[in-house]
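This report concerns only the one structure given below.
Residue numbers (our numbering): 292 to 421.
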């Protein structure tokens, strides 16, 4: 059974534009086309797109996803590099969390400079941001 792009979009919660983008970027292969030049997607595209969507939900970039897909496509490879990729991504996420925590601390310090009882021209927050 083949699906048109709109049907694939509905089944995967990916927009049509996103599906086309993933095609262009090489995350999904170019689909077959019918005589009217409509893209025709096999059922395997559903699983592949769901995999990509799951990776994106984990904040993985396209390069990381391409590497993971290459292991899915050639399953007899050793998966140690998959673990290395995930470990690297974990470190990146941890680093981003540290940055976000520092940002929260900075914002809390700035927030302390205004009690909300003065005019805007006396606002400590606005002065600190200026």
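We treat Cβ as the ideally placed atom computed from N, Cα and C, and that holds for glycine.
Would you report the Cα separation of residue i and residue j, rounded to the nearest angstrom?
i: residue 362; j: residue 379; result: 17 angstroms
i: residue 394; j: residue 299; result: 40 angstroms
i: residue 401; j: residue 350; result: 29 angstroms
i: residue 323; j: residue 339; result: 16 angstroms
i: residue 381; j: residue 328; result: 42 angstroms
i: residue 398; j: residue 377; result: 31 angstroms
i: residue 302; j: residue 296; result: 10 angstroms
Give me the DSSP bridge partner(s) of residue i.
i: residue 331; result: 323
i: residue 394; result: In the DSSP output, where bridge partners are listed per residue, residue 394 has none listed.
i: residue 376; result: BP columns for residue 376 are empty, so no partner.
i: residue 294; result: 332
Within a Cβ cutoff of 8 angstroms, which residues of the same chain sit near residue i, ignoring the five residues on either side of it in sequence?
i: residue 346; result: 355, 356 and 359
Looking only at its own chain, which residues have a Cβ that is under 6 angstroms from the Cβ of residue i, when we skip the five neighbours before and after it?
i: residue 294; result: 332
Determine the DSSP secondary structure at residue i, reduced to helix, strand or coil.
i: residue 360; result: helix
i: residue 340; result: helix
i: residue 349; result: coil
Take residue i and list the residues in its own chain whose beta-carbon comes closer than 7 angstroms to its own, dropping the five residues that flank it on each side.
i: residue 343; result: 313, 318 and 356
| Does the count of Cβ pairs from the segment 409 to 419 and the segment 367 to 386 closer than 8 angstroms reach three? | Here the segment 409 to 419 does not lie against the segment 367 to 386, with fewer than 3 beta-carbon pairs under 8 angstroms apart.
| query | Should the segment 320 to 339 be regarded as contacting the segment 366 to 378, the criterion being three or more beta carbon pairs within less than 8 angstroms? | reply | Contact fails: fewer than three Cβ-Cβ distances are below 8 angstroms.
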